[in-house]
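Undergrad: Please read through the structure below; I'll follow up with questions.
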Amino acid sequence: MVRIRVLVVDDHRIFAESLAAALAAEPDVEVAAAGSGPAALRCLERAVAEGRRYDVLLVDADLGGRPTGGRSPVPVRDADEEGLVDGLSLVAGVRAAQPAVRTVVLAGKDDPRRAALALGAGACGWVAKDCSLSRLLAVIRGVLRDETHLPPALLTGVLKELTAARRHRSESERLVESLTPREREVLRCMVAGLGRKAVAERLYLSPHTVRTHMQNVLGKLGVHSTLAAVALARRAGVGPVDLTGNVVERGGQLA
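Listed below in structure tokens is the structure:
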């Protein structure tokens, strides 16, 4: 018998252990529970090392006490030691690190915006915590067949949210395309959190030139702060410059 390996991630221990016990009663399900985002990541990494990967991750929408969608996803490597990795960040991180793992978000209430954000982060389903065990099992088996599961009452709202997000992304992409190659490189440095001096050192430019580029970036993007520029860049799919590799090759003149 092929067994489905499930990891329940919820910082409410009684709920996590109860759900794990209920799922474990199924003959084809093998289940474990983790009480935080970092604990879940350790379980996933250990499973890979042992050659026993998990198939499905059930993630609490309010993991760590931070509502999913309350802020932009952060890399899961930024998790602190107290388990403060929110649900959306965990979904996005697992999707990037182990794309074969299917993720389902367990929510205390229906919320089209949060559900759309979860799907955008890579979740395959959004399920109410008070759904029946048979419904949850159907979702688990369904996502393994590459199905996407949402409560029927959420479908219209989620589609509206996804359409709006796509429209905003298209507009953001258009604005980013208006930047020069150098300005896009500066924007990627801004996304990485680099300040003016660090950008100048990395790109072999003077701080004055970097300041001019940053002002041009804000003007072309139609925003008034670095934070707003970074948020727009992320919507457009602009990632941070690689801080682990070599700096870019020298180009242009100092001003």
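Residues 0 to 254 (numbering that gives the first Met the number 0) make up the sequence shown, in order. For every residue, glycine included, the Cβ atom is placed at its ideal position computed from N, Cα and C. Quick caveat: nothing in here was measured; it's all calculated off a predicted structure.
Kindly list the residues whose CB is nearer than 6 Å to the CB of residue 258, restricted to its own chain and excluding five residues on each side of it in sequence; keep chain order.
TA: Outside the displayed range of the chain (0 to 254) lies residue 258, so it cannot be described from this structure.
Undergrad: Alpha carbon to alpha carbon, how far is residue 183 from residue 134?
TA: When rounded, the distance between both Cα atoms is 47 Å.
Undergrad: Do you know whose CA, among 104, 162, 178 and 163, lies nearest residue 149's CA?
TA: Minimum Cα distance to residue 149 is reached at 104.
Undergrad: By DSSP, does residue 203 sit in helix, in strand, or in coil?
TA: Three-state result, residue 203: coil.
Undergrad: What does the alpha-carbon distance come out to for the pair residue 55 and residue 214?
TA: Cα to Cα, residue 55 sits roughly 45 Å from residue 214.
Undergrad: Does the beta-carbon distance from residue 89 to residue 8 come in below 8 Å?
TA: Yes, Cβ-Cβ distance for residue 89 and residue 8 is below 8 Å.
Undergrad: Quick one: is residue 204 buried, meaning 16 or more other Cβ sit within 10 Å of its Cβ, or exposed?
TA: It is buried - the Cβ of residue 204 has at least 16 other Cβ atoms within 10 Å.
Undergrad: Would you kindly check if the distance between the Cβ of residue 99 and the Cβ of residue 173 is under 8 Å?
TA: Their beta carbons are not under 8 Å apart, which means residue 173 does not touch residue 99 by this criterion.
Undergrad: Mind checking which residues open and close the alpha helix (DSSP H) that includes residue 225?
TA: It spans 225-234 - the alpha helix (DSSP H) in which residue 225 sits, taken as one unbroken run.
Undergrad: Tell me the residue span of the alpha helix (DSSP H) that contains residue 100.
TA: Where residue 100 is concerned, there is no enclosing alpha helix (DSSP H), given that its DSSP letter is neither H nor E.
Undergrad: Whose CA, out of 106, 211, 227 and 141, lies closest to the CA of residue 61?
TA: When only C-alpha atoms are compared, the closest one is 106.
Undergrad: Spell out a yes or no on whether the region 153-161 and the region 187-195 are touching, meaning 3 or more CB-CB pairs, one atom from each, closer than 8 Å.
TA: These segments do not touch.
Undergrad: Scan the region 106-179 and note each continuous alpha helix (DSSP H) run of 4 residues or more that stays entirely inside, going in chain order.
TA: Fully enclosed alpha helix (DSSP H) runs of 4 or longer: 111-120, 132-142 and 154-176.
Undergrad: Quick one: residues in its chain with C-beta nearer than 7 Å to the C-beta of residue 225, no 5 flanking neighbours on either side, listed in chain order?
TA: Result list for residue 225: 189, in chain order.
Undergrad: Secondary structure at residue 62, three-state DSSP: helix, strand or coil?
TA: Helix.
Undergrad: With DSSP as the reference, label residue 48 as helix, strand or coil.
TA: In this structure, residue 48 counts as helix in the three-state DSSP scheme.
Undergrad: Output the boundary residues of the alpha helix (DSSP H) element that contains residue 193.
TA: It is not in any alpha helix (DSSP H) - residue 193 carries neither H nor E in the DSSP assignment.
Undergrad: Determine the direct distance from the alpha carbon of residue 118 to that of residue 112, and round the result to whole angstroms.
TA: Near 10 Å, if we compare the C-alpha coordinates of residue 118 and residue 112.
Undergrad: Please classify residue 207 as buried or exposed, where buried requires at least 16 other C-beta atoms within 10 Å of its C-beta.
TA: Burial call: exposed.
Undergrad: Between residue 153 and residue 109, which are expected to be in contact by the criterion C-beta below 8 Å, what is the C-beta distance as a whole number of angstroms?
TA: Sure, about 5 Å apart at Cβ, within 8 Å.
Undergrad: Expressed to the nearest angstrom, what Euclidean distance is found between the alpha-carbon atoms of residue 130 and residue 91?
TA: Cα-Cα distance, rounded: 24 Å.
Undergrad: Of the residues 59, 28 and 128, which one's Cα is nearest the Cα of residue 10?
TA: With distances taken between Cα atoms, residue 10 lies closest to 59.
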